[in-house]
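Undergrad:
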Amino acid sequence: MKTVQTIVTLLNLGAALTLSASAEEVNAAVEAAAKLDVKKVCDVRANGLEKVLAVAEKYNPEAVKLGVEFKRLGITNSTYIKGLKEAVKAKKPEVTLKYKSKGKEKSKTFKTDYAAWRSCHFAVRALQQVKEAQSTYRLAIPGDGYSF
Amino acid sequence: MSATIVKASALALIAVSVLAAGGHNVQAEKDRKALVAYMEKKFANPLKNRAQFFPYSTDKELKENIKGDLKFEEFVLGSYAFNKQGRAQYDEIAEMPPYEDAIDAGEELYNGTKGIKKCFPDPAIAGEYPKFDEKKGEVVTLTSAINDCLKASGQKPWNAKKGKMAELEAYFAYRSKEAGKKVDIRIPSQAAQEAYERGKKNYYSQRGYLKLSCANCHVQGAGQRVRAEYMSPLLGQTTHFPVYRLKWEGLGTLERRMGGCNKDQGENPHKPGSPWMKELLYFMAYMSNGLPVDGPDIRK
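So the protein sequences, as listed, match chains A and B.
Counting from 1, position 141 in the first sequence corresponds to residue 144 in this note's numbering; the numbering is continuous, with no gaps.
Counting from 1, position 281 in the second sequence corresponds to residue 288 in this note's numbering; the numbering is continuous, with no gaps.
1) Report the rounded CA-to-CA distance for B:D108 versus A:D40, giving the unit in angstroms.
2) For chain A, check one thing: does any of its Cβ atoms lie closer than 7 angstroms to the Cβ of B:N275?
3) So with CB distances below 9 angstroms, who are the chain A contacts of B:D76?
4) Are there 16 or more other CB atoms within 10 angstroms of the CB of B:H187, so buried, or fewer, so exposed?
5) Return the Cβ separation of B:Y210 and B:A199 in integer angstroms, given the expectation that the two are a contact with Cβ distance under 8 angstroms.
6) Between the segment 68-84 of chain A and chain B, which residues of the former have CB atoms less than 7 angstroms from a CB of the latter, in chain order?
7) Ignore the nearest five residues each way along the sequence and tell me which others in B:M172's own chain have a CB closer than 7 angstroms to its CB.
8) Under 7 angstroms, Cβ to Cβ, is there at least one residue of chain A near B:W283?
9) Ordered along the chain, which non-local residues of its own chain (more than five positions away) have a Cβ less than 8 angstroms from that of A:K107?
10) Beta carbon of B:G243, beta carbon of B:G85: below 7 angstroms?
11) Among A:T99, A:L130 and A:A136, which one has its Cα closest to the Cα of A:A31?
12) Just the chain A side, please: which residues come within less than 8 angstroms of B:G259 by C-beta, in chain order?
13) Opposite B:I73 in the DSSP bridges: which residues?
14) I'd like to confirm the pairing. Which residues does DSSP put opposite B:R306 in its beta bridges?
15) With a threshold of 7 angstroms between beta carbons, is B:R193 in contact with chain A?
16) Compare the C-alpha of A:F125 against each of A:L69, A:N63 and A:V44 and name the closest.
17) Looking only at C-alpha atoms, which of B:K169, B:M291 and B:L54 sits nearest to B:Y136?
18) Within 10 angstroms of its Cβ, does B:G228 collect 16 or more other Cβ (buried), or is it exposed?
19) Do the CB positions of A:V133 and A:V67 come within less than 7 angstroms of each other?
20) For B:G302, count neighbouring C-beta atoms within 10 Å of its own C-beta (all shown protein chains included) and say buried if the count is 16 or more, exposed if not.
21) Can you give, in chain order, each stretch of the alpha helix (DSSP H) that sits fully within the segment 30-65 of chain B and has at least 4 residues?
22) Quick one: what's got a C-beta closer than 7 angstroms to B:V226's C-beta in the same chain, skipping five residues either side?
23) Can you tell me whether A:K38 is helix, strand or coil according to DSSP?
24) B:K189 to B:R232, Cα distance in whole Å?
25) In terms of alpha-carbon separation, which member of B:P282, B:V147, B:C156 and B:I110 lies closest to B:A180?
26) Which residues of chain B have a Cβ atom closer than 9 angstroms to the Cβ of A:N136, listed in chain order?
27) Is B:N296 helix, strand or coil by DSSP?
28) With a threshold of 7 angstroms on Cβ separation, who are the neighbours of B:P130 within its own chain once the five nearest residues in sequence on each side are excluded?
29) At least one CB of chain B closer than 7 angstroms to the CB of A:G86: is that the case?
30) How would you write the range of the beta strand (DSSP E) that A:L76 sits in, first residue to last?
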């Protein structure tokens with residue numbers, strides 16, 4: 004009986020190791036985003052609108068794929084980026100974003116610089132959080148990383 | 008001789024597999040028991056444990072409005088288990104529950120919708136979902152099972168958040184409660200265990216522009232206030248759905264409520280039928296194993 008119990012324990016250990024190994028597998032975009040200094044790469048004054056927008060455009064689709072896209076007050080980051088692209092192309096100082104909230108059509112206007120900073124910040128941070136959560140989520144689990 | 012060894016090895020492997028299959032919930036049970044212990048300790052004596060569990064609450068609030076000495080079974084009521092003022096309001100509304108018509112409507116849907124009775128011959132099944140479907144290799148929630156059933160009989164799926172779906176689920180919950188059923192979520196295989204672990208990770212990971220995890224509010228934050236509302240504990244969180252929410256002025260499914268939580272965290276809500284959502288609910292429901300099914304119910 005003890006032998007069987009040992010084998011079962013070993014199988015469970017194997018399963019646990021497999022789970023922790025899969026938890027370590029993170030998307031390449033997440034790894035790349037994790038290395039960025041979000042304040043620097045999303046600085047519109049230092050980098051210019053186009054570069055900041057390019058960062059947002061690069062990372063936000065990955066956040067969408069992973070299901071971690073940010074949304075603030077009814078506006079998804081994809082909506083920010085879409086509106087921003089048009090404003091940058093037309094060299095407009097302001098960007099008007101149209102979105103739906105509770106079935107109603109709404110719109111909000113932002114300074115283009117501000118919208119660029121936000122979309123870049125949202126895209127990069129969403130992925131950085133995925134990386135951070137790999138090592139932090141267990142700290143909140145009672146009986147695991149969280150003692151009481 | 009070699010044939011005997013092969014036979015013996017095969018038998019041993021089968022025996023080990025069978026025993027191992029029974030052990031896929033070992034970690035989940037450990038998690039569940041630790042959660043129960045945490046919640047019971049937290050609510051044993053809120054005033055005495057203020058520094059550890061309720062650092063932002065006043066002595067007056069803990070003394071007058073938070074009930075202590077809570078035991079496992081009481082968590083089925085969510086925040087009304089400890090929130091004395093909220094409980095008084097809840098009891099008043101429960102005298103004339105606004106969801107009663109929905110139960111009747113759900114019964115009509117059960118008897119009158121093509122295929123439903125065949126898919127769910129016993130309507131007292133609310134405590135068994137979400138379950139892991141070995142053939143599909145994925146978690147199936149009650150909502151997704153109902154929609155799969157409708158599609159299989161050539162009908163359009165229902166809105167997963169409210170309307171007919173919430174009504175039929177209200178009937179299932181009511182029949183389960185009437186039959187004295189308890190939450191009984193199973194983890195039958197390695198694949199199911201992996202789905203549970205992903206759901207757990209989803210629950211405890213900080214996300215959105217507010218960088219909040221579900222646990223920030225419903226484990227460590229349970230019993231603390233956001234403005235005038237007390238946050239409910241993870242333990243017992245799924246037992247009472249669907250709920251009639253005063254904010255919605257109607258009945259909604261668990262998936263609808265979870266979408267609202269995603270928005271509150273500052274992220275684009277996950278779709279009700281997405282693997283992310285289904286695995287999250289699988290984990291959450293497992294944490295309430297052993298508690299009675301208590302739906303449908305009322306919430307603010």
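Glycine is no exception: its CB is placed at the ideal position from the N, C-alpha and C atoms.
Computed from a predicted structure; not experimentally measured.
TA: In this structure, then:
1) 55 angstroms
2) yes
3) Those do not exist, as B:D76 stays about 17 angstroms from chain A at its closest Cβ, beyond 9 angstroms.
4) Sequence inspection shows Gly at residue 187 of chain B; the His mentioned does not correspond to that position. Under this definition B:G187 is an exposed residue.
5) Incorrect: roughly 16 angstroms between the Cβ atoms, too far for contact.
6) G70, V71, E72, F73, K74, R75 and T79
7) T150, I153, W165, N166 and T260
8) yes
9) none
10) yes
11) A:L130
12) Residues of chain A passing the Cβ test: none, with the nearest at roughly 14 angstroms.
13) B:N90
14) B:R252
15) no
16) A:N63
17) B:M291
18) buried
19) no
20) buried
21) 33-49 and 57-60
22) L241
23) coil
24) 29 angstroms
25) B:I110
26) It is Ala, not Asn, that sits at residue 136 of chain A in the sequence shown. Neighbours of A:A136 on chain B, chain order: K208, Y211, S212, Q213, R214 and S220.
27) coil
28) Y117, Y178, F179 and R182
29) no
30) First-last for A:L76: undefined, no H or E at that position.
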